[in-house]
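Q: I have a structure I would like to understand better, so I am pasting it below and will then ask my questions one at a time.
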Amino acid sequence: MENLQSAVDTLVHSSNTLFILIGAVMVLAMHAGFAFLEVGTVRQKNQVNALSKILSDFAVSTLAYFFIGYWISYGVTFMQPAAVLNADHGYGLVKFFFLLTFAAAIPAIISGGIAERARFVPQLCATALIVAFIYPFFEGMIWNGNYGLQAWLTLQFGAAFHDFAGSVVVHAMGGWLALAAVLLLGPRNGRYRDGRLVAFAPSSIPFLALGSWILIVGWFGFNVMSAQTLQGVSGLVAVNSLMAMVGGTMAALLVGRNDPGFLHNGPLAGLVAICAGSDLMHPVGALVTGAIAGALFVWCFTAAQVKWRIDDVLGVWPLHGLCGVWGGIACGIFGQTALGGIGGVSLISQLLGTALGVAVALLGGFVVYGAIKALHGLRLSQEQEYYGADLSLHKIGAVSQD
């Protein structure tokens, strides 16, 4: 019997390790999606910079999260013998890898908002500070119960703040951090003339579409594998993600009047919004959640660019910031049993947790980017911005005419 139990335990641990490893690799692949979404949206003179930022940010994020951030979030340190770290087939290490890909999504999100005029090294410094301190503070509070917030919400309102895969913890945090950076940077040169918006056309719709598709496919690892164990896997999460993606696509297609930029960001808006409640909602609720997110993105992106003069290049604040907020709230609405959900969620807790995430992100963003701006500067010179970040910073263009 002991041998049988040992064999069962080995199978469970190895299966869980493989399961979450697959999820980690799928979310890692999403960073290629972030890269090509930005490459296709920016002007050609900034394509090399977009690719360089995403890869460099991931490397810096890994170091910051491995040595500091993961310890702040979960109280786990890797300064132990390899034999200890390899316990349970190294499940703890692979869990770190999986959660790292979430943490590294924060600077990848920010990168799209500050594109075409941000300096390279100061952004890497901001990445290190955000992934080491700002993001882990809120992540640990929500996903590890740090500081007693979740216990207090449960006591007061009957349920903790629920964010299964990070509508608020990852996406809203990234979007609102990006808003602070965008506001401190200001608009790109020539974006507004005589009080009117000047259109900067995307450099490559095919690259933009490729980035969107890579993100869509990887997102099923992002959401489904957030169960973190094979025993916890749920087909409901997969189908809810699918329905929200489709809802966002259809809404963006209709409200955006066939614009390919809106069309390919619509499914991402739906997927951002469904992260929080994908394990609780009925598929119809997920469809509605995604559709509202797709329309919200189109309306708010247009308003931000035209009315509010917020030059957020990829629209990461509407897409991740506002749709992430909607996702946190939608979880408290469509997760209720009265609307076909599984229940066990409080709308008040969702509102409070979402508001706290926005506050932490905004405050953290203004502190980090404000300090870097004061000490080193955030923005390229006018001449560097004119010639483009590719030639100014990396000394090579994206394509050769030879």
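Following the UniProt record's numbering, the numbering of the sequence shown begins with 1 at its first residue and continues without gaps.
Ideal Cβ placement from N, Cα and C applies to all residues, glycine included.
Rounding to the nearest angstrom, what Cα-Cα distance links residue 408 and T354 in this structure?
A: Given a span of 1 to 402 for the chain in the structure shown, any question on residue 408 remains unanswerable.
Q: Between L197 and A209, what straight-line distance do the alpha-carbon atoms span, to the nearest angstrom?
A: Near 24 Å, if we compare the C-alpha coordinates of A209 and L197.
Q: For A291 versus A251, is the C-beta spacing smaller than 8 Å?
A: Yes, these two residues count as a Cβ contact at 8 Å.
Q: Applying the criterion that 16 or more other CB atoms from any shown protein chain within 10 Å of the CB defines a buried residue, is D194 buried or exposed?
A: Looking at its Cβ environment, which holds fewer than 16 other Cβ atoms inside 10 Å, D194 is exposed.
Q: Taking the alpha helix (DSSP H) that P283 belongs to, which residues open and close that run?
A: Here the alpha helix (DSSP H) through P283 covers 283 to 306.
Q: Distance, Cα to Cα, A180 vs K95?
A: About 30 Å.
Q: What's the gap between the Cα of G315 and the Cα of A103?
A: Each residue's alpha carbon lies about 20 Å from the other.
Q: Once you ignore the five residues that flank W219 on each side, which residues in its own chain have a CB closer than 6 Å to its CB?
A: Closer than 6 Å at Cβ, skipping near neighbours: L271.
Q: Tell me which residue opens and which closes the alpha helix (DSSP H) that F222 is part of.
A: Where F222 is concerned, the enclosing alpha helix (DSSP H) stretches over 205 to 224.
Q: Using only the alpha-carbon positions, how far apart do A50 and Q5 sit?
A: About 51 Å.
Q: Give a yes or no on whether the C-beta atoms belonging to D57 and S111 are separated by under 8 Å.
A: Yes, they are a contact pair.
Q: Give every residue of the same chain whose Cβ lies closer than 7 Å to the Cβ of L129, excluding the five residues on either side of it in the sequence, and list them in chain order.
A: Taken in chain order, the residues that qualify are V368.
Q: Excluding sequence positions up to five away, which residues of its chain have a Cβ less than 8 Å from the Cβ of L280?
A: Result list for L280: H162, F164, C331, F334, G335, G341, I342, G343, G344, V345, in chain order.
Q: Could you compute how far the alpha carbon of T127 sits from the alpha carbon of L263?
A: Roughly 29 Å separates the two Cα atoms.
Q: Taking 7 Å as the limit between beta carbons, can you name the residues of its chain near A108, skipping five residues before and five after?
A: So the qualifying residues of the chain are H31, F34, I54, D57.
Q: Output yes or no for whether 8 Å exceeds the beta carbon distance between F137 and V27.
A: No.
Q: Within its chain, find whatever has a CB closer than 8 Å to the CB of V246; leave out the 5 residues flanking it on each side and keep chain order.
A: Only P267, G270, L287, G290 meet the Cβ criterion.
Q: At what residue ranges does the stretch 134 to 187 contain a whole run of the alpha helix (DSSP H), taking only runs of 4 or more?
A: Complete alpha helix (DSSP H) runs here, min 4: 135 to 143, 149 to 157, 173 to 185.
Q: My output table needs one value for A115: the three-state DSSP class, helix, strand or coil.
A: Note: A115 maps to coil in three-state DSSP.
Q: Tell me whether the stretch 165 to 184 and the stretch 357 to 373 touch, counting them as touching only if at least three CB pairs, one residue from each stretch, are closer than 8 Å.
A: Yes, the stretch 165 to 184 is in contact with the stretch 357 to 373.
Q: Roughly how many angstroms separate the alpha carbons of V48 and H282, rounded to a whole number?
A: Rounded to the nearest angstrom, the two C-alpha atoms are 42 Å apart.
Q: Considering only residues of the same chain and omitting the five flanking positions on each side of R117, which have a CB-CB separation below 7 Å?
A: So the qualifying residues of the chain are L185, R188, R379, L380, E385.
Q: So what's L51 in DSSP terms, helix, strand or just coil?
A: If DSSP states are grouped into helix, strand and coil, L51 belongs with the helices.
Q: Identify whether L378 lies in helix, strand or coil by the three-state DSSP scheme.
A: In the structure shown, L378 sits in coil (DSSP, three-state: anything other than H, G, I, E or B).
Q: Buried or exposed: R119, going by 16 or more other Cβ atoms within 10 Å of its Cβ?
A: R119 should be labelled buried.
Q: So for residue 439, helix, strand or coil by DSSP?
A: Lying before the first or after the last residue shown, residue 439 is absent from the chain, which here runs from 1 to 402.
Q: Does the distance from the CB of A361 to the CB of G327 come in under 8 Å?
A: Their beta carbons are not under 8 Å apart, which means A361 does not touch G327 by this criterion.
Q: Taking C-beta to C-beta, are T229 and N86 nearer than 8 Å?
A: Their beta carbons are not under 8 Å apart, which means T229 does not touch N86 by this criterion.
Q: From the DSSP output, read off the bridge partner residues of L197.
A: DSSP lists Y192 as partners of L197.
Q: Using the C-alpha atoms, what's the distance from G397 back to L391?
A: In a straight line, the C-alpha of L391 is about 6 Å away from that of G397.
Q: Assuming Q123 is part of the alpha helix (DSSP H), what are its boundary residues?
A: Start and end: 120 to 129.
Q: Give the secondary structure of L314 by DSSP, where H, G and I count as helix, E and B as strand, and everything else as coil.
A: Three-state result, L314: coil.
Q: Could you spell out the range, first to last residue, of the alpha helix (DSSP H) harbouring F334?
A: Unbroken alpha helix (DSSP H) run through F334: 323 to 334.
Q: By the three-class DSSP mapping on this structure, what secondary structure does D259 have?
A: If DSSP states are grouped into helix, strand and coil, D259 belongs with coil.
Q: Grouping DSSP H, G and I as helix and E and B as strand, with all else coil, what is K395?
A: In the structure shown, K395 sits in coil (DSSP, three-state: anything other than H, G, I, E or B).
Q: Quick check on the burial criterion: 16 or more other C-beta atoms within 10 angstroms. Buried or exposed for T41?
A: That one is buried.
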